[in-house]
Amino acid sequence: MIKATNLVKTFKTGDTKLTVLKGLDIDVKKGEFVSITGRSGSGKSTLLYQLGLLDHPDSGKIIIDGVEVSKLSERDRTGFRLMELGYVFQDYAIIPELTALENIMMPLLMKGFDMKKAEKQGREALSRVGLLDKQKNLPSQLSGGEQQRVSIARAIVHSPKIIFADEPTANLDAETAMVVMKTFLDLNREGQTIVMVTHEKEYADMTHRTLFLNEGILENK
Amino acid sequence: MFKFIKKRFFTDFKNSLRVGFFLALRQVKNSSKWTNFLIIGVMTLTFLNLVVVSGVLVGLIDGASNAVGKRFLKDIFISNLTEKKFILNTTEITEILRANPNVEGFSARYTEGGKIEANYKTKLRQDDIGDEVSAIFAGINPEDENKLTGIKSLLIEGEFINENDFDRVVLGSMLLDQYAKIESSSFPTLSGVGIGSKIRVKVGGYTREVTVKGIIKSKVDELDRRIFFPEKQFRNLIGRFDLNASEIAVGLKDGASPIEMKNYLNNLGFNEFAKIQTKEDAEPKFLKDIKKTFEILGNLISGIGLAVAAITIFIVIFINAITRRKYIGILKGIGVNARAIEIAYVFQSIFYALVGTIFGSILIFGFLKPYVDAHPINFPFSDGIIVATLSGTMMRVLVLFIATLIAGFLPARIVINRNTLDSILGR
């Protein structure tokens, strides 16, 4: 499903250069639930952003489902993200002016769904994460765990091929984090490919495979 | 797999439009009521600035022009040919006017240049000159004139003359020191002259002492520099026994066309005896020039107002977009394209401009304009009104919308063009 080879990413701050990814290779199979771990600042999130087309690697090749996405224009990358990818961010990243349901409907509306169909499918996604009764709530009226579940619902609503999750449990208490992990596991059991960055071993151990990012290179654990 | 790349442009645009509208609506609906109130307030004031400032400037001169039309020229102004001292065959013309169903009324005036002298009784020597001013002497039928121009309503002191008054006159305020004192020997005025004062008039070779019965102030120079006599006495004074007047102001009934009336009189051959002009033709050239100048000035000020409006919208949208950079990044991250987000901001700008324009229009056309029309602004040289025509206002609305569109689009574009990840991470 994902095949990335020789990924290099360097950050420049003034005269200082920091190479975070040093010719890294990664291969994720369809239906896999892969976690990426590593020390703080090791570049876990940077890797996820490259794979999820939110950033450009300096060099290297990324192929997702047969498409060499590293060659796509900015416009086509946005289109690809809409059609094929779903994201769950550490800080939930839901739009404050939109209700839970409206947040979830956004990818569908952008894909051209009519309002009624988008609402129906949005409710189904909310139902999957157990928040149907909160559909009309604004983010400010939801707890952190509920906001993260809205974020997951938004990531799955348009049936993406891959979900990228960046530290999805980092801001949650243990009980809520378990609810989120259970949601991911349920999705994965249904065939959803998931790539998750986490620094919590407990949650990494729940996935099929854990990759450890060390000195810019991935190691299987 | 590559379907997304091949999506047709218009489908993409339609979706962007829909999402943009959806986002704009939610953003306006769920953002702070006070912020919305403030932005709409700014837009309302901007619109008022666009329309009212230039409207008052133009209205200042339009007020003067209206006064000239209402108090002096009326719809048709008939005057003597340049080579003649009066209108030939005046009686024939007035008979035609009296019989015409489109004519509301008219006033034939007899005019002659002359001098007025005051304070002559306190002169030390016989050949000393007292206060003396040049003036236009006008003999009028007080009832006809009042019916046509409402001249009695212009009285600021005393009473108006009537048909049978003898040696009693009404003075225009610009002849008097207390109303129009100008420190210049080129524009002398009479000092100490009020109601009941005796003044000496010199016209047509005759000198007479008359009493001031009333003083008028019309803010029309042509009238305020006149001295009015009852027609009968004045014609005797200047020896005009043939009833040939110097000017005839003609008022038409509502809906009657001044141009058609002018053509009608010309076709009857009266243009051989007199100069026949519509109000627009007869209006003093300096007034037309000032009107054009003020229009340019009004447009210039409107242009500055428009630039201020555009900058205001730009700043509002820029701050809005900058503070929401993270969410813009997230929207892009989940696949909402840049165009949809730009459209959302443009829709917001349009919303603020639209509501501001509606409130501004209600204020102008529902309150300000009717009020100022009923109670003109008392400028020293005219009763100012607000000139705001529907077409002119619509043009300003259109220009404001275009400026708003650009001012809403540009800052959104600047923010949206930043790297998606940098926006999400707030870098």
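The listed protein sequences derive, respectively, from chains A and B. Mind the numbering: the first sequence is residues 31 to 251 in our numbering, read in order. Mind the numbering: the second sequence is residues 2 to 428 in our numbering, read in order. Glycine included, each C-beta is placed from N, C-alpha and C at the ideal position.
Chain A has a Cβ within less than 7 Å of the Cβ of VAL20 (chain B).
When DSSP states are grouped into helix, strand and coil, LEU26 (chain B) belongs to the helix group. Contact between ALA408 (chain B) and ILE314 (chain B) holds, with the beta-carbon distance rounding to 4 Å and staying under 8 Å.
In the DSSP assignment, ILE77 (chain B) falls outside any alpha helix (DSSP H) and within the unbroken beta strand (DSSP E) covering 77-81. Rounded to the nearest whole angstrom, the CA to CA distance from VAL134 (chain B) to GLU284 (chain B) is 25 Å. Partner residues in the beta bridge of GLY116 (chain A), as assigned by DSSP, are A:ILE193. Taking 7 Å as the CB threshold, PRO198 (chain A) stays off the interface with chain B. Exposed is the label assigned to MET145 (chain A), since fewer than 16 other Cβ atoms lie within 10 Å of its Cβ.
Residues of chain B with a Cβ closer than 8 Å to the Cβ of TYR117 (chain A) are, in chain order, GLY334 and ILE335. It is roughly 9 Å from the alpha-carbon of THR92 (chain B) to the alpha-carbon of ALA246 (chain B).
Setting aside the 5 residues that flank it on each side, LYS42 (chain A) has no residue in the same chain whose C-beta is closer than 6 Å to its C-beta. At least one beta carbon of chain B lies nearer than 7 Å to the beta carbon of PRO137 (chain A).
Excluding the 5 residues flanking it on each side, GLY70 (chain B) has same chain C-beta neighbours closer than 6 Å at LYS280, in chain order. Listed in chain order, the beta strand (DSSP E) elements of length 3 or more contained wholly in the segment 227-311 of chain B are 227-231, 248-253 and 275-279. Per the coordinates, the alpha-carbon of VAL50 (chain A) lies some 12 Å from the alpha-carbon of ARG69 (chain A). Every unbroken stretch of the alpha helix (DSSP H) spanning 4 or more residues and falling wholly within the segment 176-206 of chain B is given here in chain order: 178-181. Per DSSP, ILE97 (chain B) is one residue of the alpha helix (DSSP H) stretching across 91-100.
Straight-line measurement puts the Cα of PRO412 (chain B) at about 19 Å from the Cα of ILE41 (chain B). With a cutoff of 7 Å on beta-carbon distance, VAL118 (chain A) and VAL225 (chain A) are scored as not near each other.
CA-CA distance, ILE192 (chain A) to ASP95 (chain A), rounds to 10 Å. Within its own chain, the residues whose Cβ lies closer than 7 Å to the Cβ of LEU202 (chain A), once the five positions on either side in sequence are excluded, are GLY174, GLY175, GLN178 and VAL210, listed in chain order.
About 5 Å separates the CB atoms of VAL20 (chain B) and MET140 (chain A); that is less than 8 Å, so the two are in contact. In this chain, the beta strand (DSSP E) harbouring THR67 (chain A) covers 63-68. Restricting attention to B:GLU210, B:LEU301 and B:ASN103, the CA atom closest to the CA of MET262 (chain B) is found in B:ASN103. By the beta-carbon neighbour count (other beta carbons within 10 angstroms, threshold 16), ASN16 (chain B) is buried. Here TYR372 (chain B) has no same chain residue with a Cβ atom under 7 Å from its own Cβ, once five neighbours each way along the sequence are excluded. When secondary structure is reduced to three states using DSSP, SER89 (chain A) falls in the strand class.
Burial state of ALA100 (chain B) is exposed, judged by a 10 Å Cβ sphere holding fewer than 16 other Cβ atoms.
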